[in-house]
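>
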Amino acid sequence: PSIDWDALSSELTGIEIITDATQVAKLSQDYYTFSPVLQNLLSGKTGNLVARPVTEAQVLQVAAACVKHKVPLTVRGAGTGNYGQCVPLEGGVILDTTRLNEIRWIKPGLACVEPGVKLAALDKQAREAGWEMRMAPSTYRTATVGGFIGGGSGGIGSITYGQLRDRGNLHAVRVVTMEDVPRVIELRGDEVQKVNHAYGTNGIITELEIPLGPAYAWAELIVTFDDFMTAARFGQSLGDADGLIKKLICICAAPIPSYFAALRNQIPENSHCALLMVAECCLEPLQGLIREYGGKICYEKSAKEASKGTSLAEFTWNHTTLHARSVDPTLTYLQTLFPADKSLKLVEHMYHHFGEEVMMHLEFLRVNGTAIPAALQIVRYTTEERLKEIIRYHEEQGAFIANPHTYILEDGGRKSIDPVQLQFKEMVDPYGLLNPGKMKAWGERK
Ligand code: FAD
Numbered sequence: 007p008s009i010d011w012d013a014l015s016s017e018l019t020g021i022e023i024i025t026d027a028t029q030v031a032k033l034s035q036d037y038y039t040f041s042p043v044l045q046n047l048l049s050g051k052t053g054n055l056v057a058r059p060v061t062e063a064q065v066l067q068v069a070a071a072c073v074k075h076k077v078p079l080t081v082r083g084a085g086t087g088n089y090g091q092c093v094p095l096e097g098g099v100i101l102d103t104t105r106l107n108e109i110r111w112i113k114p115g116l117a118c119v120e121p122g123v124k125l126a127a128l129d130k131q132a133r134e135a136g137w138e139m140r141m142a143p144s145t146y147r148t149a150t151v152g153g154f155i156g157g158g159s160g161g162i163g164s165i166t167y168g169q170l171r172d173r174g175n176l177h178a179v180r181v182v183t184m185e186d187v188p189r190v191i192e193l194r195g196d197e198v199q200k201v202n203h204a205y206g207t208n209g210i211i212t213e214l215e216i217p218l219g220p221a222y223a224w225a226e227l228i229v230t231f232d233d234f235m236t237a238a239r240f241g242q243s244l245g246d247a248d249g250l251i252k253k254l255i256c257i258c259a260a261p262i263p264s265y266f267a268a269l270r271n272q273i274p275e276n277s278h279c280a281l282l283m284v285a286e287c288c289l290e291p292l293q294g295l296i297r298e299y300g301g302k303i304c305y306e307k308s309a310k311e312a313s314k315g316t317s318l319a320e321f322t323w324n325h326t327t328l329h330a331r332s333v334d335p336t337l338t339y340l341q342t343l344f345p346a347d348k349s350l351k352l353v354e355h356m357y358h359h360f361g362e363e364v365m366m367h368l369e370f371l372r373v374n375g376t377a378i379p380a381a382l383q384i385v386r387y388t389t390e391e392r393l394k395e396i397i398r399y400h401e402e403q404g405a406f407i408a409n410p411h412t413y414i415l416e417d418g419g420r421k422s423i424d425p426v427q428l429q430f431k432e433m434v435d436p437y438g439l440l441n442p443g444k445m446k447a448w449g450e451r452k
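The UniProt record's numbering numbers the first residue of the sequence shown as 7 and each following residue consecutively.
1) Assuming the contact rule is C-beta atoms closer than 8 Å, GLY152 and PRO188 should be a hit. Round their C-beta distance to whole Å, please.
2) Considering Cα atoms alone, identify which of ALA330, ILE228 and LEU128 is closest to ILE109.
3) Taking the alpha-carbon positions, what's the residue 481 to TYR38 distance?
4) Taking 8 Å as the threshold, find out whether the stretch 242-251 comes into contact with the stretch 294-304 through three or more Cβ pairs.
5) Helix, strand or coil for TYR28, going by three-state DSSP, please let me know.
6) Write down the C-beta distance between LYS252 and LEU218 rounded to the nearest angstrom, noting that I regard them as a contact closer than 8 Å.
7) If we count the other Cβ atoms within 10 Å of its Cβ and call it buried at 16 or more, is THR212 buried or exposed?
8) Any contact of the stretch 226-235 with the stretch 332-339, i.e. 3+ C-beta pairs under 8 Å?
9) My guess is that GLN250 and LEU318 are in contact by the Cβ rule of under 8 Å, so how many angstroms apart are they, rounded?
10) Would you say the beta carbon of LEU33 is closer than 7 Å to some non-hydrogen atom of ligand 1?
11) Could you name each continuous beta strand (DSSP E) segment of 3 residues or more that falls completely within the stretch 284-317, going from the start of the chain to the end?
12) So the beta strand (DSSP E) PRO379 belongs to, where does it begin and stop?
13) Quick check: what's the CA-CA separation for PRO143 versus ILE262?
14) Alpha carbons only, please: which of LEU343, ASP435 and GLN64 is nearest the one belonging to HIS400?
15) Spatial neighbours of LEU269 within its chain, please: CB distance less than 8 Å, with the 5 preceding and 5 following residues excluded, ordered by chain position.
16) Would you be able to state if there are at least three C-beta pairs under 8 Å between the stretch 88-95 and the stretch 400-416?
17) Whole angstroms is fine: what's the gap from GLY156's alpha carbon to ILE162's?
18) Check for me: the beta strand (DSSP E) holding THR138 runs from which residue to which?
19) What is the C-beta distance between PRO59 and LEU33, in whole angstroms, given that I count them as a contact (C-beta under 8 Å)?
20) Does ligand 1 have a heavy atom nearer than 7 Å to the CB of GLY153?
21) What residues in its chain sit with their C-beta under 7 Å from that of ASN409, if we drop five residues either side in the sequence?
22) Could you tell me which uninterrupted beta strand (DSSP E) segments, each at least 3 residues in length, are contained entirely in the stretch 241-287, listed from first to last along the chain?
23) Rounded C-beta distance between ARG392 and LEU428? I'm assuming under 8 Å.
24) How should PRO41 be labelled, buried or exposed, when 16 other C-beta atoms within 10 angstroms of its C-beta is the threshold for buried?
25) Looking at ALA238: is its Cβ nearer than 8 Å to the Cβ of ILE255?
26) For residue 459, count the other beta carbons within 10 Å of its own beta carbon; 16 or more makes it buried, fewer makes it exposed. Which is it?
27) Helix, strand or coil for LEU328, going by three-state DSSP, please let me know.
28) Label residue 454 either buried or exposed according to how many other C-beta atoms from any shown protein chain fall within 10 Å of its C-beta, with 16 as the threshold for buried.
29) Can you tell me which of GLN29, LEU48, VAL43 and VAL77 puts its alpha carbon nearest to the alpha carbon of ASP12?
30) From THR316 to GLY160, what distance separates their C-alpha atoms?
31) On the DSSP bridge assignment, give the partners of ALA219 in chain order.
32) Checking 8 Å against the spacing of the C-beta atoms, do VAL373 and GLY168 come in under that value?
33) Going by the C-beta, is TYR37 closer than 7 Å to any heavy atom of ligand 1?
34) Could you have a look at ALA237 and say whether DSSP puts it in helix, strand or coil?
35) Restricting to Cα atoms, I'd like to know which of ARG105, ASP435 and ASP36 is closest to THR86.
36) Report the partner residues of ASP102 according to the DSSP bridge assignment.
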């Protein structure tokens with residue numbers, strides 16, 4: 007049945023609505039363009055209108071109108087996701103959360119925010135109270151807290167606190183349902199996993215309680231090494247060094263540093279380097295570790311100096327790919343978890359096996375209490391077939407690939423259907439209106 011857009015619009019009175027086609031198209035996009043595969047699948051997909059509620063009551067109003075008219079609703083934060091998470095596959099309403107941006111409270115170790123709060127804004131306010139975000143993606147300047155929970159996985163800080171999926175990294179959420187009469191459900195403790203990293207397919211998050219860590223003054227350094235494996239081993243050692251407080255261990259094989267235009271004068275040509283954020287109070291003991299691996303510091307900024315310019319963080323995680331692609335837009339990337347193995351055998355094997363076709367970029371993070379190398383390798387793309395072959399080879403050798411070339415929730419990092427998330431969707435979104443086409447389990451249920 008055709009949708010009566012005029013009737014639907016009249017039910018959204020009092021709410022900011024955008025219908026200008028160019029604007030709507032813009033607010034239907036994210037950063038899926040990093041993937042040539044997703045470019046083919048998602049370009050041109052757009053919603054019909056954008057709603058920008060400012061209160062939870064208005065979110066309920068949008069939900070009710072969409073349910074009444076059986077219109078798809080796709081939630082969007084800042085739209086910095088990499089897998090087309092917030093691209094509407096079947097049109098409909100885009101619910102933009104960026105005006106739901108109140109920081110409700112900050113207590114020791116915990117903050118309560120609306121979903122549209124920017125990560126950097128929360129971090130800034132928390133630091134005034136002596137706390138900081140435990141982890142953030144390299145897009146923290148623009149990305150929202152709701153979007154990070156809905157579509158992200160971890161980032162700067164994950165070397166200490168693990169990933170968003172780990173128990174304790176999300177305390178509570180309020181979600182608006184898409185039932186005949188939409189309501190608000192509060193989920194606390196393990197229950198938050200029902201909507202954690204669900205791409206907005208099973209509830210609209212309207213409030214979150216997020217844990218904080220004690221704030222440190224983070225110095226920023228680049229250390230260069232003569233060969234890549236020494237840099238990688240240094241990264242592993244720093245990750246394992248419990249007495250050294252750190253927030254970021256990013257290791258880039260040559261020629262990746264040459265893509266960092268703004269750092270070109272600092273990093274010697276053809277070097278393999280470590281981009282680090284280490285607590286200022288740990289800089290002296292860090293020297294010993296750098297010496298042990300024969301590293302040379304080519305860039306060092308105190309926390310105060312670092313806060314004035316672009317942070318090194320904005321060259322790491324998927325910003326590494328961003329910088330590489332700004333030099334060569336044919337490049338793409340992979341997301342890999344290497345097994346916990348301090349000798350880094352598989353990293354070494356892949357580094358030599360693929361050479362410059364798959365340029366090694368490691369990000370150390372904590373998984374089940376152990377520092378392990380994750381990788382966002384930069385890939386010289388040729389064909390989709392070859393990309394699949396590269397992925398298959400990694401998997402056969404025992405690396406875990408969180409495929410960034412799919413918009414399907416379960417085919418990315420999860421790999422299996424999550425019965426808890428499916429069951430929750432059956433209850434809160436009985437008509438399957440939330441971000442349709444993204445949750446495989448929903449499409450495949452009998
Ligand atoms: P959006 O892209 O707007 O949304 C993400 C998903 O969450 C969508 O499916 C959306 O429907 C859903 N969603 C948004 N708000 C809600 C809500 N209120 N309720 C329910 N669902 C909701 N990610 C990382 O994890 N780590 C990184 O280091 C990282 N680095 C990146 C670097 C670059 C250069 C780029 C382009 C992306 C990177 N990302 C990274 C991906 C992305 O930037 C982050 O995950 C970011 O936190 C997403 O926030 P957002 O507000 O842009 O979310």
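Glycine is no exception: its CB is placed at the ideal position from the N, C-alpha and C atoms.
Let me spell this out:
1) Along the sequence shown, read from residue 1 onward, the residue named residue 152 stands at position 146. Along the sequence shown, read from residue 1 onward, the residue named residue 188 stands at position 182. In this structure, GLY152 and PRO188 do not form a Cβ contact; the two beta carbons are roughly 17 Å apart against a cut-off of 8 Å.
2) Translated into positions along the sequence shown, residue 109 becomes position 103. Here the closest residue by C-alpha is LEU128.
3) The structure shown has nothing for residue 481, since the chain only spans 7 to 452.
4) Yes, the stretch 242-251 touches the stretch 294-304.
5) Counted from its first residue, the sequence shown places residue 28 at position 22. Looking at the sequence itself, residue 28 is Thr, so the reference to Tyr does not match. Secondary structure of THR28 (DSSP, three-state): helix.
6) Position 246 of the sequence shown holds residue 252. Position 212 of the sequence shown holds residue 218. Contact between LYS252 and LEU218 does not hold, since the beta-carbon distance rounds to 17 Å and is not under 8 Å.
7) Within the sequence shown, numbered from 1, the residue matching residue 212 stands at position 206. Buried: at least 16 other Cβ atoms inside 10 Å.
8) Output reads no: the stretch 332-339 does not touch the stretch 226-235.
9) On the sequence shown, residue 250 is found 244 positions in, with the first residue counted as 1. On the sequence shown, residue 318 is found 312 positions in, with the first residue counted as 1. Rather than Gln, the amino acid found at residue 250 in this sequence is Leu. Not a contact, Cβ separation roughly 17 Å.
10) Along the sequence shown, one-based indexing puts residue 33 at 27. Taking 7 Å as the cut-off, one finds no heavy atom of ligand 1 near enough to the beta carbon of LEU33.
11) You should have 302-307.
12) Taking the sequence shown and counting its residues from 1, one reaches residue 379 at position 373. Taken as a continuous stretch (DSSP letters only), the beta strand (DSSP E) holding PRO379 covers 376-381.
13) For the purposes of this step, residue 143 is taken as residue 137 along the sequence shown, with counting starting at 1. For the purposes of this step, residue 262 is taken as residue 256 along the sequence shown, with counting starting at 1. Between the C-alpha atoms of PRO143 and ILE262 there is a straight-line separation of about 20 Å.
14) Position 394 of the sequence shown, counted from the start, is the residue given in the question as residue 400. Of LEU343, ASP435 and GLN64, the residue nearest in Cα terms is LEU343.
15) Locating residue 269 in the sequence shown gives position 263, counting from the first residue. The beta carbon of LEU269 is closer than 8 Å to those of ILE228, PRO263, TYR305 and PHE321 in its chain, skipping five residues each way along the sequence.
16) Flag = yes, the stretch 400-416 and the stretch 88-95 touch.
17) Here residue 156 refers to the residue found at position 150 of the sequence shown. Here residue 162 refers to the residue found at position 156 of the sequence shown. Their backbone Cα atoms lie some 17 Å apart in a straight line.
18) Numbered from 1 along the sequence shown, position 132 holds the residue referred to as residue 138. The displayed chain sequence assigns Glu, not Thr, to residue 138. Boundaries of the beta strand (DSSP E) harbouring GLU138: 137-139, taken from the DSSP string.
19) As a working note, residue 59 is residue 53 in the sequence shown. As a working note, residue 33 is residue 27 in the sequence shown. Contact between PRO59 and LEU33 fails: their C-beta atoms lie close to 14 Å from each other, not under 8 Å.
20) Taking the first residue of the sequence shown as 1, we reach residue 153 at position 147. At least one heavy atom of ligand 1 is nearer than 7 Å to the Cβ of GLY153, so yes.
21) Position 403 of the sequence shown, counted from the first residue, corresponds to residue 409. Cβ within range, chain order: ILE397, ASP417 and GLY418.
22) As far as the stretch 241-287 is concerned, its whole beta strand (DSSP E) runs of at least 3 residues are 252-258 and 278-285.
23) If you number the sequence shown from 1, residue 392 lands on position 386. If you number the sequence shown from 1, residue 428 lands on position 422. Actually they do not touch by this definition, with Cβ atoms about 34 Å apart.
24) On the sequence shown, position 35 is the one that residue 41 refers to. Residue 41 is actually Ser in this sequence, not Pro. With a 10 Å radius around the Cβ and a threshold of 16 neighbouring Cβ atoms, SER41 comes out buried.
25) Residue 238 sits at position 232 when you count from the first residue of the sequence shown. Residue 255 sits at position 249 when you count from the first residue of the sequence shown. Between ALA238 and ILE255, the CB-CB gap reaches or exceeds 8 Å.
26) Since the first residue of the chain shown is 7 and the last is 452, residue 459 is not available in this structure.
27) Locating residue 328 in the sequence shown gives position 322, where the first residue counts as 1. LEU328 carries a helical assignment under DSSP once its states are collapsed to helix, strand and coil.
28) The structure shown does not extend to residue 454, since the chain spans only 7 to 452, so no value can be given for it.
29) Position 6 of the sequence shown, counted from the start, is the residue given in the question as residue 12. Ranked by Cα distance from ASP12, the options GLN29, LEU48, VAL43 and VAL77 are led by VAL77.
30) Looking up residue 316 in the sequence shown gives position 310. Looking up residue 160 in the sequence shown gives position 154. CA-to-CA, the gap between THR316 and GLY160 works out to about 20 Å.
31) Residue mapping note: residue 219 aligns to position 213 of the sequence shown, counting from 1. First, the amino acid is wrong: residue 219 is Gly here, not Ala. GLY219 pairs with GLU138.
32) Position 367 of the sequence shown, counted from the start, is the residue given in the question as residue 373. Position 162 of the sequence shown, counted from the start, is the residue given in the question as residue 168. Yes, the pair counts as a contact, with Cβ atoms nearer than the cut-off.
33) Within the sequence shown, the letter at position 31 stands for residue 37. Correct: TYR37 has its Cβ closer than 7 Å to ligand 1.
34) The residue given as residue 237 occupies position 231 in the sequence shown. Helix at ALA237.
35) Taking the first residue of the sequence shown as position 1, residue 86 is located at position 80. Selected option, being the one with the closest Cα: ASP36.
36) Here residue 102 is taken as the residue at index 96 of the sequence shown, counted from 1. According to DSSP, ASP102 bridges with ARG82.
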